[in-house]
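Novice:
In my numbering, the protein residues as written are 34 to 341.
1. Between which two residues does the alpha helix (DSSP H) holding residue 220 run?
2. Using only CA atoms, which one of 82, 251, 283 and 312 lies nearest to residue 296?
3. Are there 16 or more other CB atoms within 10 angstroms of the CB of residue 258, so buried, or fewer, so exposed?
4. Residues bridged to residue 304 by DSSP?
5. Cα separation between residue 83 and residue 106?
6. Quick check: residue 74 and residue 182, are their CB atoms within less than 8 Å of each other?
7. Quick check: what's the CA-CA separation for residue 50 versus residue 169?
8. Please classify residue 158: does DSSP put it in a helix, a strand, or coil?
9. Using a Cβ-Cβ cut-off of 6 Å (strictly less than) and excluding sequence neighbours within five positions of residue 44, which residues of its own chain qualify?
10. Write down the C-beta distance between residue 212 and residue 234 rounded to the nearest angstrom, noting that I regard them as a contact closer than 8 Å.
11. What are the boundary residues of the beta strand (DSSP E) that includes residue 239?
12. From residue 321 to residue 261, what does the alpha carbon distance come to, in whole angstroms?
13. Output the boundary residues of the beta strand (DSSP E) element that contains residue 283.
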């Protein structure tokens, strides 16, 4: 006897609600937050309830009744695989490092779980599908993650799901202090700095030259755009100008200044002096933001993955 529409629809709601909960847990940090662990657990329970209901509905019509235990085992793995795959795809822009392994893992688990749950006999075509498409998913995931980490202005899009009201006060705990020297050799010392996602760094910058120099942080796109604007200003053109992301120090000869910056997203950023001619002379450096996050605390970040 075929189950009625209401029963089939209710079963579907349980199963796919479970997958949605698991996907949401992956989206918001399955392995980093207690709330996400609860979300993932509820998702598995919902899926299991739907799978049990579906199993009882098909028992009467199945030629060879399946074991409920096996159906639950492989069905649960299938829900986790689908949750990983869909959750990783949805949040690639703001979690590229995590999605790079979550998406291919979800694909592999879903292929194996579906084959075992549905009783498919392994054939060469199935193996070829799993290997070829799995390799494409793996290569695409890691390639996309690398690109997003190299373009943090894209990686930061859509990353905030907290929906919190802006706090009137933001406390920042400085992780460490980095001293930077700049002078008329058109160089920053050091010119390469490594930080971690979520780390708050105090930059103490000293201008040891006889000319004014700048310490500007931003993405490659922001720095190139604002360097072009500075050249136009030097030529006497009237343009609207704001230093890369607003994170900048302009220091007269002999002056010292400080910037406190929280690096919210992994990726590569640029240090530059945007005084006309200085950037073109090679006065630039790099900040590499690693993918192993630390507790960033509260606050807001801009498109470059920084706030100050």
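We put the beta carbon where it would ideally sit given N, CA and C, even for glycine.
Specialist: In short:
1. Within the chain shown, the letter at position 187 stands for residue 220. From DSSP, residue 220 is part of no alpha helix (DSSP H); its letter is neither H nor E.
2. Indexing the chain shown from 1 puts residue 296 at position 263. The option with the nearest alpha carbon to residue 296 is 251.
3. Here residue 258 refers to the residue found at position 225 of the chain shown. Exposed is the call here.
4. As a first step, residue 304 must be located in the chain shown, where it is residue number 271. 250 and 318, per the DSSP bridge assignment.
5. Numbered from 1 along the chain shown, position 50 holds the residue referred to as residue 83. Numbered from 1 along the chain shown, position 73 holds the residue referred to as residue 106. Taking the straight line from one Cα to the other gives about 13 Å.
6. The residue given as residue 74 occupies position 41 in the chain shown. The residue given as residue 182 occupies position 149 in the chain shown. No, these two residues do not count as a Cβ contact at 8 Å.
7. Stepping through the chain shown from its first residue, residue 50 is reached at position 17. Stepping through the chain shown from its first residue, residue 169 is reached at position 136. About 28 Å.
8. Residue numbering aside, residue 158 sits at position 125 when the chain shown is read from its first letter. The answer is helix: DSSP assigns residue 158 an H, G or I state.
9. As a first step, residue 44 must be located in the chain shown, where it is residue number 11. Answer for residue 44: 83, 86 and 87, listed in chain order.
10. In the chain shown, counting from the first residue as 1, residue 212 sits at position 179. In the chain shown, counting from the first residue as 1, residue 234 sits at position 201. Not really, about 11 Å apart at Cβ, beyond 8 Å.
11. In the chain shown, residue 239 corresponds to position 206, counting from 1. Note, residue 239: beta strand (DSSP E), 233–240.
12. Translated into positions along the chain shown, residue 321 becomes position 288. Translated into positions along the chain shown, residue 261 becomes position 228. One C-alpha to the other measures close to 24 Å.
13. Mapped onto the chain shown, residue 283 falls at position 250. Element bounds for residue 283: 281–284.
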